[in-house]
Structures are given as C-alpha cells and as structure tokens.
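Trainee:
Protein chains: 2
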Amino acid sequence: MIRNTGPVLKFRMRNIALLIQYDGTSYSGWQSQPNAVTLQALIEEKISKITGRQVNLVAAGRTDAGVHALGQVASFKTESTHDPLTIRNALNALLPPDIRIMNAAYADAEFHPRFDALEKSYIYIIATDRVVSPFVHRYAWRLPYDLDVDAMRAASLNLTGRHDFSAFRGAGCGAKTTVRNMISLTIEETNAIGFMTGSISGRFIILRLKADAFLRHMVRNITGTLVEAGRGKLQPDDIKKILESLDRKKAGPTAPACGLFMEQVWYKDPLQW
Amino acid sequence: MIRNTGPVLKFRMRNIALLIQYDGTSYSGWQSQPNAVTLQALIEEKISKITGRQVNLVAAGRTDAGVHALGQVASFKTESTHDPLTIRNALNALLPPDIRIMNAAYADAEFHPRFDALEKSYIYIIATDRVVSPFVHRYAWRLPYDLDVDAMRAASLNLTGRHDFSAFRGAGCGAKTTVRNMISLTIEETNAIGFMTGSISGRFIILRLKADAFLRHMVRNITGTLVEAGRGKLQPDDIKKILESLDRKKAGPTAPACGLFMEQVWYKDPLQW
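Protein chains in written order, with numbering that gives the first Met the number 0: chain A, 0 to 272; chain B, 0 to 272.
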C-alpha cells in the first residue's frame with residue numbers, strides 16, 4: 000500500500016502502532032464480522048473519524064468474544080499527519096472507557112503486529128472460592144472447588160518446549176502449522192488479586208503462558224485440560240498422551256473466555272512507546 | 000415484630016445478617032424507590048423467593064446510586080428455618096454476579112445494622128493518569144492531572160476529630176445531628192491497584208475515611224474539596240474555614256459516585272461470620 004514513486008504520490012503513508020487494553024466482556028471479539036460489535040470494527044470506525052479515511056487495523060492477536068487484553072498491539076496505515084499521541088487522545092475521547100489506547104507510536108512502514116511478533120504471553124485467572132467478589136467475576140473462571148495445583152504444575156511440564164499442539168487447537172483455526180514453542184507455562188496461587196491491595200481477597204490460580212505463537216483456543220483448551228488434572232480426573236502422564244495423540248477430542252473442555260487476558264507481545268525491534 | 004407470647008406464636012423469628020459486596024455501577028443505590036433497580040429491592044425479592052415471605056432488609060449504609068460496597072452489612076427477620084449458609088448460597092444462585100452475599104450469620108434479635116454500628120470506613124479511589132485502564136475506570140474518579148498529595152494531606156488534618164460537618168453534608172440528608180467523629184483520614188499514593196499484581200499500573204490516590212457515622216455525600220464532598228486543595232485552588236487553612244462555616248456552598252464539588260466504596264462496619268459485638 001506504500002506508494003513511494005510516481006505522480007499519484009500526494010502524502011506519505013505512516014504506519015501507526017497502538018497499545019490497547021480492553022475489557023472484552025461486551026464485545027464479540029477482535030475480528031470484524033457482520034451484525035456484531037467487534038473491537039476491530041469499532042476502533043477502525045473511530046480512527047476513520049479522526050483521519051477522514053477508512054483504515055484497516057491489524058492486530059497481533061485476534062482475541063475471541065469475551066477475551067480481555069492488557070497489551071494488544073495493532074497498527075494501521077494512514078496519510079494523516081496527526082502525531083501518534085494526538086491520535087491516541089482523540090481515540091480515547093471517542094471510544095467507550097472499556098477500550099483504551101494506552102499508547103501510540105510510529106512503526107516501520109513494513110511493521111506487521113502479528114507476523115512480526117516473536118513471542119506472546121497470555122494470562123488465565125481461575126477463582127476457586129465458593130463466593131467470588133463482584134469485582135472479580137468478569138475476569139475469572141469461577142470453579143467453586145479445590146484444585147490440586149501441584150498436579151496441575153506436574154501436568155503442565157509436559158507442555159513446555161516445541162510440540163505439535165493439534166490436540167489443543169480449536170475448531171476454525173486457520174494456522175498453517177500446528178507446531179508451537181511453549182517458552183514457559185507457570186501456575187501461581189495467590190490470595191489477593193483485588194484491585195485494592197488487601198480488599199479483594201480470595202483464592203486464585205493464575206496461569207501464564209508464553210509461546211512464539213498460539214493456535215486458536217490453545218490457552219483455553221490447555222487451561223481446561225490442566226483443570227481436569229487439578230481435579231484428579233487426569234494424571235500428569237495423561238497430558239503427555241493427549242499432546243501426542245494430536246486429537247482435540249482427547250483433551251479437556253475449553254475454559255471460558257472471561258478468564259483469559261492477552262498480556263504482552265514481543266518484537267525484535269521494540270516499539271518506541 | 001418478635002411475638003414471643005400468646006397463641007399466635009407459631010415460629011420463632013430469626014434475625015439473619017448478611018455481609019454483602021456489590022459493584023454499584025448498574026444500580027440506583029441501596030434504598031428502594033419506585034421505577035428504579037435498587038439493591039435493597041432486588042435482594043429483598045430474592046430473599047422472599049427463598050423464605051416465602053416478604054422481608055424488610057435493613058442496611059448499615061444506604062449507599063447512593065453508583066457507589067460500591069466491599070463490606071455492606073444488612074439484616075432481615077424471618078421465620079424460615081433455613082440456616083444462614085443455605086440462605087447465602089441460595090441468594091447467590093438467584094442474584095446477578097455483581098452482587099454477592101459473601102457471608103451470612105445469625106444476629107441477636109435486637110441487632111440493627113445501622114443503629115448498632117460503632118464505626119464505618121469508606122475508600123475513595125482517584126486515578127490521575129492521562130489514560131486509565133479499562134479494568135479500573137468503573138472504580139475510580141478519573142482526573143487526568145497531577146494532584147499535590149502533600150497539600151491534600153495537610154488540608155485533611157483539619158477534618159479529623161469531632162466536628163460539625165454541615166459544610167460537607169449533601170442535600171436531602173436526614174441525620175438528626177451533623178456532628179461526627181472522624182477517627183482517621185489517610186491519603187495514599189500507589190502505582191498498582193491492578194487486580195493482577197503488576198499488570199494494571201498507573202497513578203492512583205486512595206483516600207480512606209473512618210468515622211462513627213457519615214452524613215449523606217460526606218465522603219464525596221470531602222474528597223471533592225481535598226481535590227481542590229490538591230489542585231492548589233484551596234489552601235489547607237481554607238479547609239478549616241469551610242468546616243467552620245457550616246456552609247455547604249463553601250466546600251468543593253461532590254466527587255462522582257463511581258470512586259466510592261463502603262469498606263467496613265464495626266460493631267460492639269462482632270458478627271460471627
């Protein structure tokens with residue numbers, strides 16, 4: 000799309016990257032689709048109001064309906080001469096407060112948020128209390144029973160490293176290869192994830208997965224399977240067999256979207272926020 | 000209502016206390032009113048479904064529209080023989096997840112959540128970042144400029160102790176006396192109130208007020224006035240003059256409801272949750 004020669008060149012195209020947080024509760028996921036309120040379509044519409052032209056906003060991760068983001072990265076090309084911070088502030092004035100452009104910066108003309116991503120991390124939150132605080136319920140999978148976290152950790156060890164993750168791939172996944180490198184998978188227990196220290200207490204299990212890339216529903220399918228291990232329905236060795244089976248039907252259920260957060264994306268050339 | 004003599008006595012009345020958390024965003028406050036979804040009416044309706052009788056649910060604090068609660072205490076009298084935990088679990092199954100009965104317990108027959116309260120505390124959260132995380136915006140007053148927290152603290156010193164708080168009393172307050180004992184008023188700055196440690200960062204100012212009781216809008220009027228001090232529009236000594244004037248028009252604006260949390264209620268005989 001970059002026309003850098005010829006008489007049609009009027010304005011230089013700029014590639015603007017956005018760092019985005021969103022509470023996904025009210026949205027039908029990232030990717031535009033008919034008759035649904037999607038993050039992509041909503042943010043594209045607001046960018047167009049600012050730049051005066053239709054834009055195509057490309058994201059690092061096309062999160063599903065209900066999934067949240069702490070560090071989504073997206074970019075669009077524009078002839079607008081507004082600087083990134085002006086665009087950020089104008090967008091935040093137009094967007095609802097459950098979507099925030101945390102930062103904006105110029106990116107290289109060739110920058111692509113998804114293809115250029117070296118690593119990504121996701122967080123998944125499980126709340127195991129019998130009663131879960133109203134300030135947490137939108138952001139956690141509520142499972143009102145004890146989970147054996149040591150068993151979940153033992154099971155998770157089978158999933159780190161480079162594997163064919165076909166058994167954890169959701170339907171409709173368009174990835175060309177199913178081999179992914181799971182760089183790390185940690186499981187922590189904590190008694191406080193309250194947004195005010197000490198005020199929101201409870202029992203929470205937080206999974207954090209970092210990989211070169213993820214297949215569709217991969218984090219949620221892994222989480223659902225590790226929960227089966229935590230309930231004693233699967234042994235740690237079973238996870239190895241499930242992985243090797245390459246058969247989605249062998250793995251556990253898909254954990255609900257509300258507990259999932261896209262956390263961070265890493266690039267070879269970090270964006271200069 | 001306790002009929003403990005005569006032939007009409009069929010069932011012993013029990014007084015059940017509830018410890019309640021709610022996200023007040025979607026509600027028109029605690030107190031029942033026509034054509035509005037209130038916390039009192041909604042919870043009373045669900046209790047009636049469980050006990051088969053209309054009940055009157057009395058709260059420690061009648062929070063305004065949009066105000067949240069971390070530790071609201073309310074009680075109702077019932078002939079039902081369901082034990083408190085059964086009632087708690089049944090209520091949570093009927094109530095939306097932005098209202099949670101965290102605990103339930105038998106209280107003395109004479110227990111009154113408001114009249115018996117010795118002390119109460121409220122928290123008020125201010126977010127001063129230019130861009131506020133979507134995971135915080137429902138729970139903070141967003142003020143995108145620097146506040147001089149030391150000036151706010153200096154101003155607040157004039158408000159501790161026993162005073163006539165008429166200058167900070169909202170319209171429609173039905174309290175018989177306007178003298179209150181402000182036991183403590185602290186102002187803290189923090190860089191993380193994220194519901195996941197480290198993930199939601201920002202600049203936050205958290206006010207915590209503890210008093211024997213509060214007048215209507217008192218915390219929000221004090222917060223609005225201390226913010227004027229933080230902006231340099233009022234000097235610490237001005238707060239003293241405002242307090243002594245007993246004139247609501249002299250004080251600052253009412254801070255918005257969304258930043259306010261009813262935190263805790265103290266009783267001489269603590270409830271046995």
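Even glycine gets a Cβ: it sits at the ideal position worked out from N, Cα and C.
(1) For tyrosine 26 of chain B and chain A, any beta-carbon pair shorter than 7 Å?
(2) Taking contact to mean at least 3 C-beta pairs separated by less than 8 Å, is the segment 72 to 88 of chain A in contact with the segment 42 to 60 of chain A?
(3) Would DSSP call histidine 67 of chain A helix, strand or coil?
(4) Once the 5 residues before and after lysine 249 of chain A are set aside, which same chain residues still bring their CB inside 7 Å of it?
(5) Could you name the residues of the same chain whose beta carbon sits closer than 6 Å to that of leucine 60 of chain B, not counting the 5 residues immediately before and after it, in chain order?
(6) What is the rounded straight-line gap between the Cα of aspartate 115 of chain A and the Cα of methionine 217 of chain B?
(7) Check the Cβ of glutamine 20 of chain B against every Cβ in chain A and list those closer than 9 Å, keeping chain order.
(8) Of the residues B:Arg152, B:Gly160, B:Asn55, B:Ala254, which one's Cα is nearest the Cα of glycine 169 of chain B?
(9) So, are the CB atoms of lysine 45 of chain A and leucine 117 of chain A less than 7 Å apart?
(10) Identify the contact partners of asparagine 91 of chain B in chain C, using a Cβ-Cβ distance below 8 Å as the criterion.
(11) So tyrosine 21 of chain B and alanine 68 of chain B are in contact, right, with Cβ under 8 Å, and what is the actual spacing, rounded?
(12) For proline 47 of chain A, which residues in the same chain have their Cβ closer than 8 Å to its Cβ, ignoring the five residues on either side in sequence?
(13) Can you give me the C-alpha to C-alpha distance between leucine 270 of chain B and methionine 101 of chain B, rounded to a whole angstrom?
(14) If you count every other CB in all the chains shown that lies within 10 Å of the CB of arginine 161 of chain A, and 16 or more means buried, which is it?
(15) Apart from the five residues just before and just after aspartate 128 of chain A, which ones in its own chain have a Cβ nearer than 6 Å to its Cβ?
(16) What are the boundary residues of the beta strand (DSSP E) that includes lysine 119 of chain B?
(17) Give me the chain A residues within the contact set of aspartate 97 of chain B, using Cβ-Cβ distance strictly less than 8 Å, ordered along the chain.
(18) So the candidates are A:Ala256, A:Phe110, A:Pro133; which of them puts its Cα closest to the Cα of glycine 28 of chain A?
(19) By the 10 Å Cβ neighbour count, where 16 or more other Cβ atoms means buried, how is isoleucine 123 of chain B classified, buried or exposed?
(20) Output the distance between the C-alpha atoms of glycine 258 of chain A and alanine 64 of chain A, rounded to the nearest integer angstrom.
(21) With DSSP run on the structure shown, which of helix, strand or coil describes threonine 196 of chain B?
(22) Per DSSP, threonine 185 of chain B is paired with what?
(23) Look up histidine 162 of chain A in the DSSP assignment and give the residues it is bridged to.
(24) CA-CA distance, glutamine 71 of chain B and glutamine 39 of chain B?
(25) Quick check on glycine 5 of chain B - is its C-beta less than 7 Å from some C-beta in chain A?
(26) Just checking: is the beta-carbon of methionine 101 of chain B within a distance shorter than 7 Å of some beta-carbon in chain A?
(27) When the Cα atoms are used, what is the spatial distance from glycine 197 of chain A to proline 133 of chain A?
(28) Would you kindly work out how many angstroms separate the C-alpha atoms of alanine 210 of chain A and isoleucine 205 of chain B, rounded to a whole number?
(29) I need the boundaries of the alpha helix (DSSP H) containing valine 54 of chain B, first residue and last residue.
(30) For methionine 151 of chain B, report the span of its alpha helix (DSSP H) as first-last.
Mentor: In short, the structure shows the following:
(1) Within the second sequence, residue 26 of chain B is the residue found at index 27, counting from 1. Tyrosine 26 of chain B is outside the set of residues whose beta carbon lies under 7 Å from a beta carbon in chain A.
(2) Touching, yes, given that three or more Cβ pairs across the two stretches are closer than 8 Å.
(3) Here residue 67 of chain A refers to the residue found at position 68 when the first sequence is read from its first residue. Strand, per DSSP.
(4) Your numbering for residue 249 of chain A matches position 250 in the first sequence. These residues qualify, in order along the chain: Ala166, Ile241.
(5) In the second sequence, counting from the first residue as 1, residue 60 of chain B sits at position 61. Going by the sequence as given, residue 60 of chain B is glycine instead of leucine. Answer for glycine 60 of chain B: Met261, listed in chain order.
(6) As a first step, residue 115 of chain A must be located in the first sequence, where it is residue number 116. As a first step, residue 217 of chain B must be located in the second sequence, where it is residue number 218. Rounded to whole angstroms, aspartate 115 of chain A to methionine 217 of chain B spans 53 Å at the Cα level.
(7) Within the second sequence, residue 20 of chain B is the residue found at index 21, counting from 1. Close to glutamine 20 of chain B, with beta-carbon spacing below 9 Å, are these residues of chain A in chain order: Val130, Ser132, Pro133, Phe134, Ile199.
(8) Here the question's residue 169 of chain B lines up with position 170 in the second sequence. Answer by Cα proximity: B:Ala254.
(9) Working through the first sequence from its first residue, we reach residue 45 of chain A at position 46. Working through the first sequence from its first residue, we reach residue 117 of chain A at position 118. The answer is no: Cβ separation not under 7 Å.
(10) Protein chains A and B are contained in the structure displayed, whereas chain C is not.
(11) Sequence index remark: in the second sequence, residue 21 of chain B carries index 22 (1-based). Sequence index remark: in the second sequence, residue 68 of chain B carries index 69 (1-based). Confirmed, about 5 Å.
(12) Translated into positions along the first sequence, residue 47 of chain A becomes position 48. Note that residue 47 of chain A is serine in the sequence shown here, rather than proline. Gln53, Val54, listed in sequence order.
(13) Within the second sequence, residue 270 of chain B is the residue found at index 271, counting from 1. Within the second sequence, residue 101 of chain B is the residue found at index 102, counting from 1. In this structure, the CA atom of leucine 270 of chain B is about 13 Å from the CA atom of methionine 101 of chain B.
(14) Position 162 of the first sequence, counting from 1, holds the residue named residue 161 of chain A. With fewer than 16 other Cβ atoms within 10 Å, it is exposed.
(15) In the first sequence, residue 128 of chain A corresponds to position 129, counting from 1. Around aspartate 128 of chain A, the same chain offers Gly201, Arg202 as residues with beta carbons nearer than 6 Å, after the five sequence neighbours per side are excluded.
(16) Taking the second sequence and counting its residues from 1, one reaches residue 119 of chain B at position 120. Unbroken beta strand (DSSP E) run through lysine 119 of chain B: 116 to 126.
(17) Within the second sequence, numbered from 1, the residue matching residue 97 of chain B stands at position 98. Within 8 Å Cβ-Cβ: Pro133, His136.
(18) Along the first sequence, read from residue 1 onward, the residue named residue 28 of chain A stands at position 29. When each option's Cα is compared against that of glycine 28 of chain A, the closest is A:Ala256.
(19) On the second sequence, residue 123 of chain B is found 124 positions in, with the first residue counted as 1. The amino acid at residue 123 of chain B is misidentified as isoleucine; the sequence shows tyrosine. That one is buried.
(20) For the purposes of this step, residue 258 of chain A is taken as the residue at position 259 of the first sequence. For the purposes of this step, residue 64 of chain A is taken as the residue at position 65 of the first sequence. Those two C-alpha atoms are separated by around 12 Å.
(21) On the second sequence, position 197 is the one that residue 196 of chain B refers to. In this prediction, threonine 196 of chain B scores a pLDDT of 44, lower than 50, which makes its location untrustworthy; the coordinate-derived value is nonetheless stated afterwards. The answer is coil: DSSP assigns threonine 196 of chain B none of H, G, I, E or B.
(22) For the purposes of this step, residue 185 of chain B is taken as the residue at position 186 of the second sequence. For threonine 185 of chain B, which the question treats as bridged, DSSP gives the partners B:Arg207.
(23) Against the first sequence, residue 162 of chain A aligns to sequence position 163. Within the DSSP secondary-structure output, histidine 162 of chain A pairs in a beta bridge with A:Arg179.
(24) Mapped onto the second sequence, residue 71 of chain B falls at position 72. Mapped onto the second sequence, residue 39 of chain B falls at position 40. Near 12 Å, if we compare the C-alpha coordinates of glutamine 39 of chain B and glutamine 71 of chain B.
(25) In the second sequence, residue 5 of chain B corresponds to position 6, counting from 1. Confidence is the limiting factor: at glycine 5 of chain B the pLDDT is only 49, short of 50, which leaves the residue's position unreliable, though a coordinate-based value still follows. Residue-level contact check: glycine 5 of chain B does not touch chain A, since none of the beta carbons of chain A fall below 7 Å from its beta carbon.
(26) Taking the first residue of the second sequence as position 1, residue 101 of chain B is located at position 102. True, the Cβ-Cβ gap to chain A drops below 7 Å.
(27) Counting from 1 along the first sequence, the entry for residue 197 of chain A is found at position 198. Counting from 1 along the first sequence, the entry for residue 133 of chain A is found at position 134. Because glycine 197 of chain A sits at a pLDDT of 49, beneath the cut-off of 50, its placement in the model cannot be relied upon, and the point is left open.
(28) One-based indexing of the first sequence puts residue 210 of chain A at position 211. One-based indexing of the second sequence puts residue 205 of chain B at position 206. Taking the straight line from one Cα to the other gives about 37 Å.
(29) As a working mapping, residue 54 of chain B is identified with position 55 in the second sequence. In this chain, valine 54 of chain B is not harboured by any alpha helix (DSSP H), its DSSP state being neither H nor E.
(30) Numbered from its first residue, the second sequence carries residue 151 of chain B at position 152. 148 to 155 is the extent of the alpha helix (DSSP H) around methionine 151 of chain B.
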